[in-house]
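Below: the structure, in structure tokens.
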Amino acid sequence: MGLSTLLLVLVGLAFITRIVSEKWRHSQNAKRLGCQPAPMAPSKDPLAIGDILEIIQADKNKVVPELLESRTNIMRDNAGRYVSTFRLKRGLGENMLTFDPENLQAMLAKQFKDFSVGGERLGCMGPLLGKGIFINDGAEWSHSRTMLRPQFTRDQISDLRLEEHHVQNAMRAIPAAGSNGWTEVNIQSIYFRLTLDSATELLFGESCYSQLAATGDAEDRMASGGKVTDFGKNFDRAQWYMAQRLRLPRMKFMYNCKEFRNCCQEVHRFVDECIAKALHDHKKKKQPEEGASEHYIFVHAMAETTKDPIELRSQLLNVLLAGRDTTAALLSWTTLLLSRHPEVFRKLREAIIADFGTYEDPSNITFATLKACTYLQQVMSETLRLFPPLPTNARYATKDTSLPRGGGPDGQSPVYIKKGRAVLYNVHMLHRREDVWGKDSGDFKPERWETRRSGWEYLPFNGGPRICIGQQFALTEAGYVLVRMLQRFDGLEDVHADQRIRWGLALVSAPGDTVTVRLHEASR
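So for the sequence shown, our numbering puts the first residue at 13; every next one is plus one.
Written out as structure tokens, the structure is:
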């Protein structure tokens, strides 16, 4: 036997020994923790290539949640019980998927330090967002949260004057009603522009006015000394690339084209200009001009904490991504559901008129009164249950650990999670569990919230230390827009009422087909 052959044999033996040793170590760890294996989802082939292709096709058809429901039903039939935690084959390895409330509480709260968001987020999202609160882990995440949390106090999110300005721009974007009082509009695109315009002004002190750019009113604004930019188009396009990079993180280089880089550059240019102005004003201690609006602006407040323009840009873009898209998606889903449930629409409109008056003569629309409008809150809660903004998420084990349930024949034993393994958790499935929500779990029924208090079975804004710090801001903005819409319109119909609901899964879940509705103008 030659020296080279002997060396290859020794290397091979060392490799095999390492694999066997690791398997034995994990086996002993699992035994020590009282773990039993979770069931394995059936796969089309040994490397699960067919499963991945099936997911890609479902994504093209905008029905990924339906595919997951189908696979879960197969698991239930095979096991003879409801299965909410199971393994998924991925190439030569495997991931864990769970929608068990006890496991989610463990992963997101009780065993928070055992899991991280993983390093893929920075590589996939960093070119646009930088290192901010939704990308960072550990000490960097704690620093981000400490910096941002004071900006979401009740006092900061309760001023709705800025919102009304952008709501009026949105109202002007809705085509005028015909002689019969009805008009038809793609309301989803208006919502996404509305939330972008209000978010950019709140965060950066200057709105990008995407609504005016889309409706042809840009010249009027520029003539009066204002600014209209392509920020919205660039931000949306960069997000599309970012979503593709997250889906295929090991092939993200395929989505690093010139268009993506240019969009990121233009987004950064707009934000950097706003930050430079804010830092200059802060240095000069410049006060608002007499008669000017003194509404709260994020970047001005954060300049008290840091003067680093790159850190400011990263944190603000992270907040923009979450705040703008989450609220627009909630508004889109709610309007779609109301258009298909006229009895809920009528009941909600009656509550709104009773509490807040008419469109022409509104009264007392505040943070507190919006929160106190019970049926409005129930409608939004039910929408978020059926269509959570982030239906699928993941955590990665930072050490060898376990989750409390899912293993063994009855699914009641702990399951072992080795270091580095991905644990996917699906909020869409969590929110539609019949054993938790009842046989009508797939129905839009706001009244279910009359007697229900949510726990770990309801996570539209995540849970634990990483719970969304801007959830009250999102609910306040969405509630305000819904109030103004239902004050103005007393009729709402879905133009495509016979069309199945599909999901557009990007960084958040929004309706997969445009929400085109007919609106009837209320008598004035």
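Built from N, CA and C at the ideal position, the CB exists for glycine as well. The structure displayed is predicted, hence computed values, not measured ones.
Buried or exposed by the 16-neighbour rule on C-beta atoms within 10 Å, applied to residue i
i	result
His292	exposed
Val75	buried
Gln390	buried
Thr386	exposed
Phe282	buried
Arg417	buried
Asn115	buried
Glu323	buried
Arg452	What sits at residue 452 in the sequence shown is Asp, not Arg. Looking at its Cβ environment, which holds fewer than 16 other Cβ atoms inside 10 Å, Asp452 is exposed.
Gln40	exposed
Met441	buried
Glu105	For the sequence presented, residue 105 should be read as Gly rather than Glu. Per the 10 Å Cβ criterion, exposed.
Ala384	exposed
Cys269	exposed
Asn181	buried
Gly237	Low per-residue confidence applies at Gly237: pLDDT is 44, beneath 50, and the placement is therefore not dependable enough to give any value.
Thr413	buried
Arg336	buried
Asn438	buried
Ser535	exposed
Val520	buried
Leu18	exposed
Ala42	buried
Val23	exposed
Ala185	buried
Lys296	exposed
Endpoints, the alpha helix (DSSP H) within which residue i is located
i	result
Arg407	First-last for Arg407: 404-409, but that is the beta strand (DSSP E), not the alpha helix (DSSP H).
Trp468	No alpha helix (DSSP H) holds Trp468; DSSP gives it neither H nor E.
Thr207	199-216
Ile365	354-368
Phe379	379-384
Thr165	Element bounds for Thr165: n/a, residue is neither H nor E.
Arg445	First-last for Arg445: undefined, no H or E at that position.
Ile31	15-44
Pro113	113-117
Residue j beta carbon less than 8 Å from that of residue i
i	j	result
Cys136	Pro426	no
Arg325	His294	no
Leu436	Met254	no
Leu498	Arg352	no
Ser96	Asp112	yes
Tyr308	Asp171	yes
Glu213	Ser222	no
Lys431	Ala406	no
Val197	Val529	yes
Cys275	Ala250	yes
Phe146	Gly476	no
Gly491	Leu382	yes
Leu504	Leu342	no
Phe310	Gln163	yes
Ser156	Gly144	yes
Ser210	Glu175	yes
Glu489	Thr339	yes
Ala70	Gly103	no
Val356	Pro458	yes
Thr227	Leu531	no
Gln277	Tyr267	no
Phe473	Glu394	no
Met52	Arg83	no
Leu328	Phe216	yes
Gly244	Ala334	no
Where the beta strand (DSSP E) through residue i begins and ends
i	result
Arg99	97-102
Phe146	Careful: Phe146 lies outside any beta strand (DSSP E) and carries neither H nor E.
Leu504	501-506
Glu523	The amino acid at residue 523 is misidentified as Glu; the sequence shows Pro. Where Pro523 is concerned, the enclosing beta strand (DSSP E) stretches over 521-523.
Trp515	515-517
Cross-strand partners of residue i (DSSP beta bridge)
i	result
Tyr428	Ser414
Phe127	Ala409
Met266	Answer by DSSP bridge pairing: none, since Met266 is not bridged.
Leu160	Answer is none; Leu160 lacks a bridge partner.
Val529	Val197, Asp506
Val435	Met108, Arg407
Asn192	DSSP output for Asn192 lists no bridge partner at all.
Gly419	Ser425
Pro374	Gly369
Met52	Arg99
Proximity test, residue i beta-carbon vs the ligand SAH heavy atom, cut-off 7 Å
i	result
Ile322	In terms of ligand content, the structure shown is empty, and the ligand SAH therefore cannot be addressed.
Any C-beta of chain C under 8 Å from that of residue i
i	result
Pro426	The chain inventory of the structure shown lacks chain C, comprising one protein chain alone.
### Message
Please give me, in chain order, every unbroken run of the alpha helix (DSSP H) with length at least 4 that falls completely inside the region 276-341.
### Response
310-314
### Message
Please give the ranges of any beta strand (DSSP E) in the region 72-98, keeping only runs that are unbroken, at least 3 residues long and fully inside the region.
### Response
none
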